[in-house]
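S.K.:
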Amino acid sequence: MSQRSVEPGFRPPQQARSRESLQKVLAAAEQVLADGGIEEFTVGAVADRAGLSVGAIYRRFAGKDQLLYAVKDDLLGRLETTVVEALRSPAPGLRGAVAAFTEALAQTFTRHGRVFPELLDAQRAEGRDRGLQAMAAIQGTFVDAAEACLGEVRRPDGALALRMAARTIIGSCVHRAASGRFWPDDLTWRAWAAETAEMALAYLTSPGNPEPGRGE
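Each residue of the sequence shown is one higher than the one before, counting from 221 in my numbering.
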């Protein structure tokens with residue numbers, strides 16, 4: 221969990237035993253969201269799933285909203301870490317960087333795909349800010365890793381094209397998670413990653429317009 225991004229009032233644990241207890245609570249909270257959605261997400265339900273008293277939860281969190289935010293922060297932190305690790309040593313070339321990026325997103329959403337839609341639907345402004353922070357971080361990680369492959373990008377503005385590709389991939393991933401229950405595409409997350417990577421590569425390696433529009 222990112223200590224700097226949690227809501228005011230939350231006290232991150234300092235001792236290993238307390239950190240383990242926190243992870244137990246967050247895992248239980250994620251399971252409640254996955255099984256029952258936001259409608260069944262209560263402090264009592266999380267306490268029951270974690271095998272703790274309601275008081276034990278309240279000693280760490282001010283209430284349901286702060287606990288929900290902590291779950292989102294934890295999952296987004298895992299997403300950021302997965303992307304960083306995937307792009308630390310991707311396969312060579314632009315294709316390797318794009319594939320590593322899309323597969324890292326798919327890997328996280330495969331594991332937590334039932335939870336992200338609930339978090340996307342339920343969060344307040346603080347949660348949206350944390351989500352935007354994560355999106356900016358993983359976009360920056362991809363652009364930094366792919367800059368070494370700018371020579372393979374045929375768009376008029378290679379740096380802009382990399383940012384656009386990252387933003388489009390992230391947007392596609394979030395939209396798929398949010399709408400998949402109602403508008404399924406009959407793909408696995410791994411297949412989604414492969415198809416999305418091909419579309420991004422087609423864009424990056426095509427000449428495009430000589431004067432791309434900006435701010436219009």
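Cβ atoms here follow ideal geometry from the backbone N, Cα and C, with glycine treated the same way.
Remember, predicted model here, so these are calculated numbers, not experimental data.
Can you give the Cα-Cα distance for A398 and W409, rounded to whole angstroms?
M.R.: Counting from 1 along the sequence shown, the entry for residue 398 is found at position 178. Counting from 1 along the sequence shown, the entry for residue 409 is found at position 189. Going from the Cα of A398 to the Cα of W409 covers about 13 Å.
S.K.: Near F336, what residues of its chain come up, given a Cβ to Cβ distance below 6 Å and the 5 sequence neighbours on each side ignored?
M.R.: Mapped onto the sequence shown, residue 336 falls at position 116. A397, listed in sequence order.
S.K.: Buried or exposed: where does L424 fall if 16 or more other Cβ atoms within 10 Å of its Cβ makes it buried?
M.R.: The residue you call residue 424 lines up with position 204 of the sequence shown. Looking at its Cβ environment, which holds 16 or more other Cβ atoms inside 10 Å, L424 is buried.
S.K.: At 4 residues or longer, what runs of the alpha helix (DSSP H) sit wholly inside the segment 266-353?
M.R.: If we require 4 residues or more, the alpha helix (DSSP H) runs fully inside the segment 266-353 come out as 274-278, 284-306, 313-332 and 336-342.
S.K.: Compare the C-alpha of Q286 against each of Q353, I358 and L246 and name the closest.
M.R.: On the sequence shown, residue 286 is found 66 positions in, with the first residue counted as 1. With distances taken between Cα atoms, Q286 lies closest to L246.
S.K.: Suppose the cutoff is 8 Å on Cβ atoms and the five residues either side in sequence are ignored; what does the same chain contact list for V263 look like?
M.R.: Sequence index remark: in the sequence shown, residue 263 carries index 43 (1-based). Within the same chain, V263 has close Cβ partners V274, I277, Y278, F281, G283, K284 and L287.
S.K.: Among the residues of its own chain, which have a CB less than 7 Å from the CB of R269, if the five just before and after it don't count?
M.R.: Reading the sequence shown from its first residue, position 49 is the one you call residue 269. A248, Q251 and V252, listed in sequence order.
S.K.: Once you ignore the five residues that flank L314 on each side, which residues in its own chain have a CB closer than 8 Å to its CB?
M.R.: Numbered from 1 along the sequence shown, position 94 holds the residue referred to as residue 314. Cβ within range, chain order: A366, C369, E372, V373, L421, L424 and T425.
S.K.: Within a Cβ cutoff of 7 Å, which residues of the same chain sit near R334, ignoring the five residues on either side of it in sequence?
M.R.: The sequence position of residue 334 within the sequence shown is 114, counting from 1. Closer than 7 Å at the Cβ level, and outside the excluded window around R334, lie A254.
S.K.: Roughly how many angstroms lie between the CA atoms of F272 and A265, to the nearest whole one?
M.R.: The sequence position of residue 272 within the sequence shown is 52, counting from 1. The sequence position of residue 265 within the sequence shown is 45, counting from 1. Sequence check: residue 272 is Leu here, not Phe. Cα to Cα, the separation comes out at about 10 Å.
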